[in-house]
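Keeping their order, the protein sequence lines are chains A and B. Numbered per the working numbering, the first sequence finishes at 166, counting up by one with no gaps. Numbered per the working numbering, the second sequence finishes at 166, counting up by one with no gaps. Everything on this sheet refers to the single structure shown next.
Protein chains: 2
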Amino acid sequence: MDVIPKENIQQASEGLRAIAHEVRLSVLCHLMAGPMCVNDLIKATGASQSNLSQHLAKMRMMGIISNEKRGQQVYYRIANPEFLELVHVLKHIYCPEACLPADGEA
Amino acid sequence: MDVIPKENIQQASEGLRAIAHEVRLSVLCHLMAGPMCVNDLIKATGASQSNLSQHLAKMRMMGIISNEKRGQQVYYRIANPEFLELVHVLKHIYCPEACLPADGEA
DNA sequence: TGCTAATATAAGCAAGTTCTAATCTAGAAT
DNA sequence: ATTCTAGATTAGAACTTGCTTATATTAGCA
């Protein structure tokens with residue numbers, strides 16, 4: 061059925077690559093619950109400061125997350141609701157209930 | 061909110077990586093419409109025979125697709141309905157209506 | 001003003017991915 | 001038997017990613 065536009069495939073695979081990494085996916089999962097500052101993300105993900113910062117930069121440049129300075133901390137949030145949807149589906153697929161305690165808690 | 065199991069993150073990111081490539085994603089998109097043989101997938105994706113075969117092998121080993129010999133051809137199909145769901149969401153996100161002609165046509 | 005905490009950036013190496021070209025296998029057809 | 005077709009496998013080069021270490025930036029504070 062109608063050929064799938066090559067450009068869309070390209071963009072979609074690029075988007076997937078942007079979240080197809082343990083640290084980055086972990087960040088997104090944590091950000092689902094609301095904005096967090098870098099230091100908390102370091103603790104949450106277990107990545108090193110520099111490493112996490114680089115992963116954040118990558119997702120920032122892809123428009124997946126955005127940041128905002130509040131006092132001494134920089135807070136990150138999910139900027140693109142579509143990625144939130146994607147992570148939701150992933151959670152649904154890969155998390156055996158445990159991850160979805162109430163199913164509604166923005 | 062409750063810590064996300066590291067193992068799940070790991071599996072999810074591995075699953076994402078398995079489809080985060082133009083050729084592999086293209087294959088999955090085409091297989092959504094039903095099984096196809098390798099030769100048709102070569103034409104559909106534009107990849108070389110060897111290259112496509114390698115991508116198919118990777119997804120086969122991840123349990124995403126399965127194959128079946130019919131006469132001289134080997135037919136591939138999506139073996140894991142969860143990945144079908146994932147691709148659906150991707151299409152929804154990245155394809156501007158054009159890709160979803162009727163929305164129901166297994 | 002100089003220090004410290006919080007984060008970003010840069011450089012370089014190690015590891016992983018993807019592609020091409022060549023070879024291999026199995027079944028059909030001649 | 002040989003040849004053809006469909007597809008898989010292997011090897012290695014080229015490219016990409018990810019990590020570590022070191023350095024830069026910037027705001028608040030003493």
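Every residue gets a Cβ at the ideal spot worked out from N, C-alpha and C, and that includes glycine.
Outcome for residue i when other beta-carbon atoms lying within 10 angstroms are tallied against a minimum of 16
i: B:Ser30; result: This structure cannot settle anything about residue 30 of chain B, because the visible part of chain B is limited to 61 through 166.
i: B:Glu67; result: exposed
i: B:Gly94; result: exposed
i: A:Met121; result: exposed
i: B:Ser86; result: buried
Contacts that residue i makes with chain B (C-beta to C-beta distance below 8 Å)
i: A:Ile87; result: The sequence given here has Val at residue 87 of chain A, not Ile. Neighbours of A:Val87 on chain B: none; closest Cβ ~10 Å, over 8 Å.
Cβ of residue i within 8 Å of any chain A Cβ
i: B:Asn68; result: yes
i: B:Glu128; result: no
i: B:Leu144; result: no
Three-state class that DSSP yields for residue i in the structure shown
i: A:Asn172; result: In the structure as shown, chain A begins at 61 and stops at 166. Residue 172 of chain A is therefore absent and cannot be evaluated.
i: A:Met122; result: coil
i: B:Cys89; result: helix
First through last residue of the beta strand (DSSP E) which encompasses residue i
i: B:Gln133; result: 133-138
Interface partners of residue i on chain B, CB under 7 Å
i: A:Ala72; result: Leu85, Leu150, Tyr154
i: A:Arg77; result: Ala80
Under 8 Å from the C-beta of residue i: neighbouring residues of chain A
i: B:Ile64; result: Ser86, Cys89, His90, Cys155, Cys159
Beta-carbon neighbours of residue i, restricted to chain A and to distances below 9 Å
i: B:Thr101; result: Residue 101 of chain B is actually Leu in this sequence, not Thr. Within chain A, no residue comes near B:Leu101; the closest Cβ sits about 13 Å away, beyond 9 Å.
Endpoints, alpha helix (DSSP H) assigned at residue i
i: A:Pro141; result: 141-154
i: A:Ala78; result: 66-79
Test: residue i CB closer than 8 Å to a CB of chain B
i: A:Arg120; result: no
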